[in-house]
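Asker:
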Amino acid sequence: MRTTLVKLQADLENCTDLKPLDHEEYPHDYGFKFICNKCRYEHPKEIIINRFDRIAVQLKSQIKRTANFFTYCKDCHNEIFIIITLAEPVTAESKDTEDEDNFIPIIEVHSHGCRIKEFILEDQFQCTSSAGNIIEGVDLRANDWSEFDEEGNIPVTITNAKFQLEELPGNGQVTTL
Ligand SMILES: [Zn+2]
């Protein structure tokens, strides 16, 4: 399978630990566009993947898998499935927002039969204010976001949010759920 990292970079003021809001009660809707590996057809429609959806996949080869998303290529009917895992937590040093090129991986997208071409942003992020309060509903779609942490009595600001896809070399390994 092929792994694509979704990486995030932003300038954080009075907050840390910016990441997708994503748990069983409130799963993140990860939006993507993809290209079929076999026929190179670019699927124009956005797909939404929820990390907590478990789909039993029966492949033509009789192999059974569990994935977060499964479809056939609209053009060549190639089997396509995707598994999303959270990226490894990063260390304090790598969170240094002073570094211009410091993109932090947030999720790993493991795909079979396709390549991830585009990540589509939803308004479901969270951060922790300097006062220690978790603030949900961080919307990065406009690249900048701010809110007043009433409890901690400080303004929390996120600016210059940017996302990047990094495709890791494909290998024969299968990621399982
Ligand atoms: Zn295809």
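The sequence shown begins at -8 in the working numbering and counts up one residue at a time. Just so it is clear, CB atoms sit at the ideal spot from N, CA and C, and this is done for glycine as well. Note that the coordinates shown come from a computational prediction; the quantities given were computed from them, not determined experimentally.
1. So what's K36 in DSSP terms, helix, strand or just coil?
2. Out of S137, E142, I95 and G143, which has the shortest C-alpha to C-alpha gap to E149?
3. Would you grab the beta carbon distance between K10 and Q115 for me? Rounded to a whole angstrom, and I think it's under 8 Å.
4. Is the Cβ of L9 closer than 7 Å to any Cβ of chain B?
5. According to DSSP, is S102 part of a helix, a strand, or is it coil?
6. Compare the C-alpha of D135 against each of L(-4), D66 and K153 and name the closest.
7. Compute the Euclidean distance between the alpha carbons of H34 and S102, then round it to the nearest angstrom.
8. Whole angstroms is fine: what's the gap from Y63's alpha carbon to S120's?
9. Distance check for V129 and I46, CA to CA, integer angstroms please.
10. With the cut-off set at 7 Å, would you say L50 and E70 are in Cβ contact?
11. Report yes if the C-beta of Y32 is less than 6 Å from at least one heavy atom of ligand 1; otherwise report no.
12. For P96, which residues of its own chain have a beta-carbon under 6 Å away from its beta-carbon, when the five flanking residues on both sides are left out?
Answerer: To lay it out plainly:
1. Locating residue 36 in the sequence shown gives position 45, where the first residue counts as 1. In the three-state reduction of the DSSP assignment, K36 falls in the coil class, being assigned neither a helical nor a strand state.
2. Locating residue 149 in the sequence shown gives position 158, where the first residue counts as 1. In the sequence under discussion, the amino acid at residue 149 is Ile, which differs from the Glu named in the question. The shortest C-alpha separation from I149 is found at S137.
3. Translated into positions along the sequence shown, residue 10 becomes position 19. Translated into positions along the sequence shown, residue 115 becomes position 124. About 10 Å; that fails the 8 Å criterion.
4. The structure shown contains no chain B; it holds only a single protein chain.
5. On the sequence shown, position 111 is the one that residue 102 refers to. In the displayed model, S102 falls within a strand according to three-state DSSP.
6. Here residue 135 refers to the residue found at position 144 when the sequence shown is read from its first residue. Between D135 and the set L(-4), D66 and K153, the nearest pair of CA atoms involves K153.
7. Locating residue 34 in the sequence shown gives position 43, where the first residue counts as 1. Locating residue 102 in the sequence shown gives position 111, where the first residue counts as 1. Spanning the alpha carbons of H34 and S102 requires a straight line of approximately 15 Å.
8. The count along the sequence shown starts at 1 and reaches residue 63 at position 72. The count along the sequence shown starts at 1 and reaches residue 120 at position 129. Taking the straight line joining both Cα atoms gives about 43 Å.
9. Along the sequence shown, one-based indexing puts residue 46 at 55. Along the sequence shown, one-based indexing puts residue 129 at 138. When rounded, the distance between both Cα atoms is 29 Å.
10. Along the sequence shown, one-based indexing puts residue 50 at 59. Along the sequence shown, one-based indexing puts residue 70 at 79. Yes, Cβ-Cβ distance for L50 and E70 is below 7 Å.
11. Here residue 32 corresponds to residue number 41 of the sequence shown, with the count starting at 1. Checking the Cβ of Y32 against ligand 1 gives yes.
12. If you number the sequence shown from 1, residue 96 lands on position 105. The answer, listed in chain order, is L(-4), K(-2) and A78.
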